[in-house]
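Visitor: If you scroll down you'll find the structure; I have some questions about it.
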Amino acid sequence: MKQQFAGLIDAVDQCAERLHELNERYPLLASPASLAGVLSWRRRRVQHRLRRQVPPADLSDGPDIRALALDLLQHNGLEDVLDTLLDRHGIDLSLPKLIHLVGKEAYIGALKREAAQLLANAISYEQIANLWNDLDRPALGGPSWSPRSVSVLAS
């Protein structure tokens, strides 16, 4: 039963990834529902990862995790980087640990890229702020994201 469930999770992951690619390739055709669906699935995967009992990785051994994370962050969102590090490399990091690992500048760069993509798909500053707050992304200069803080970041 667990194996069938894992297969289902993998299938939905692939569907969400394909939908994300289509949303990026055809931003004028992407609907709020298709964008929200991908983000909702990613949020569930983050929650699922937090519930899993994976022993923490020893950050002193193995590949240069910072370089690996920075490389992944160039072409992937924050949650995708966390998933890839866990699934492909067995490295289980929380979002705050990832931010600490890659540094504030890389974090801000990732947020700017994501904000630009969301804005190109007609997602408002308020919707982005709500999404980032729901994903528990640390805000810059305040306790939580607001439409104003997102607009300042995106400009």
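In the working numbering, the protein residues as written are 20 to 174. Ideal Cβ placement from N, Cα and C applies to all residues, glycine included.
1) When you compare each of 144, 170, 39, 168 to residue 99 by their alpha carbons, which one comes out closest?
2) How far does the alpha helix (DSSP H) with residue 151 in it extend, from its first residue to its last?
3) What do you reckon, are the CB atoms on residue 87 and residue 150 nearer than 9 Å?
4) Thinking C-beta only, is residue 114 closer than 9 Å to residue 155?
5) In the structure shown, what three-state DSSP assignment does residue 51 receive?
6) Please state the DSSP three-state secondary structure of residue 42.
Guide: In short:
1) Along the sequence shown, read from residue 1 onward, the residue named residue 99 stands at position 80. Out of 144, 170, 39, 168, 39 has the C-alpha closest to the C-alpha of residue 99.
2) For this step, residue 151 is matched to residue 132 along the sequence shown. From DSSP, the alpha helix (DSSP H) with residue 151 extends over 144 to 153.
3) Taking the sequence shown and counting its residues from 1, the one referred to as residue 87 is at position 68. Taking the sequence shown and counting its residues from 1, the one referred to as residue 150 is at position 131. No. Outside cutoff.
4) Along the sequence shown, read from residue 1 onward, the residue named residue 155 stands at position 136. Along the sequence shown, read from residue 1 onward, the residue named residue 114 stands at position 95. Yes, Cβ-Cβ distance for residue 155 and residue 114 is below 9 Å.
5) Reading the sequence shown from its first residue, position 32 is the one you call residue 51. Reduced to three states, the DSSP call for residue 51 is helix.
6) As a working mapping, residue 42 is identified with position 23 in the sequence shown. Residue 42 falls in the helix class under three-state DSSP.
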